[in-house]
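Q:
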Amino acid sequence: MKPLPRHLQGKAQLPLAGGCFSKGHRLALVSLLPVLEARPGDRDDGERVKLSILQNSLLQAGQLPRFVLHEPSLYSWGVFCRGRASEAGVKAAGDLLDQHAFVSALEAIVADNKNKEVKK
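The numbering of the sequence shown is the numbering used here, which starts it at 3 and goes up by one.
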C-alpha cells in the first residue's frame, strides 16, 4: 500500500450514523477519491466544483462540518466505502457530479451576464 499524501495524513473523523450519508453520497465520494488524492493546489476548477457540490450536499444532509470539510476524513471514509461500491454506481455518481458542475457553471455565466446588463 502506498503512503498517503501529506495533505491526507492526520486523524480522521467519522461521519454521523444514520440516513445523512446516503448511498448516492457514498458513490459520489468514491468517484472523487482521485480528486482528493491530488494536492489542493493541483486541482482544476471542475474538480474543485465537484468536491464542493458533494461537501454542500453532505452539509445539507446533516453531516457535521468537522467531517465534511476535513479532507483526510472524507478520503478515509471513501476508501472504506470503495469496497462496497459497484463500478457502474461509481460511474453514474461521477457523471451526475459532472452534470451538476456543468449546470453550476452555466448558472454562474447567466448570473454574470445579468449583472453586466444591470450595470449598463
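We put the CB at the ideal spot given by N, CA and C, even for glycine.
1. Could you tell me whether the region 86 to 103 touches the region 29 to 38, using the rule of 3 or more Cβ pairs below 8 Å?
2. Is residue 8 helix, strand or coil when you go by DSSP?
3. What does a CB cutoff of less than 7 Å around residue 83 pick up in its chain, not counting 5 residues either side in sequence?
4. What is the DSSP secondary structure of residue 42, reduced to helix, strand or coil?
5. Would the region 63 to 75 and the region 5 to 16 be scored as touching if the rule is three or more Cβ pairs under 8 Å?
6. Which residue's Cα is closest to the Cα of residue 23: 43, 65, 9?
A: Based on what the coordinates show:
1. yes
2. helix
3. These residues qualify, in order along the chain: 28, 31, 32.
4. helix
5. yes
6. 65
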